[in-house]
Amino acid sequence: MSDKQKKATAYWKENVRYLFILLSIWFAVSFGAGILFKDALNTIKIGGFKLGFWFAQQGSIYVFVILIFVYVRLMNKLDKKYGYNE
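Just so we're aligned, residue 1 is where the sequence shown starts under full-length UniProt numbering, counting upward by one.
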């Protein structure tokens with residue numbers, strides 16, 4: 001295996017690891033907070049709405065958008081690390 005292939009393989013392994021972590025966070029927030037822990041979160045209110053309802057309707061979307069920006073930042077660092085930046 002050439003050095004270029006090793007570098008590309010390491011790059012993609014790290015990229016997939018980032019994707020797995022970020023998608024796990026999104027799953028935990030959307031499924032966990034919106035469905036599994038809804039009853040416990042509903043004891044807290046934000047703006048007159050129960051927190052479980054808020055996470056199910058809005059929170060998971062906000063977290064997803066934040067995770068997109070986190071992914072862009074991580075990928076920019078990863079690109080620089082492996083010399084794929086423009």
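Beta carbons are placed, not taken as given, at the ideal position from N, Cα and C, and that holds for glycine.
Judged by their CB atoms, Tyr71 and Tyr11 are not nearer to each other than the 8 angstroms cut-off. Secondary structure of Phe55 (DSSP, three-state): helix. Counting C-beta pairs with one atom in each stretch, the stretch 52–69 and the stretch 16–26 have three or more that are closer than 8 angstroms, which means they touch. Bounds of any alpha helix (DSSP H) do not take in Phe37, whose DSSP letter is neither H nor E. When secondary structure is reduced to three states using DSSP, Ile61 falls in the helix class.
With fewer than 16 other Cβ atoms inside 10 Å of its own Cβ, Leu36 counts as exposed.
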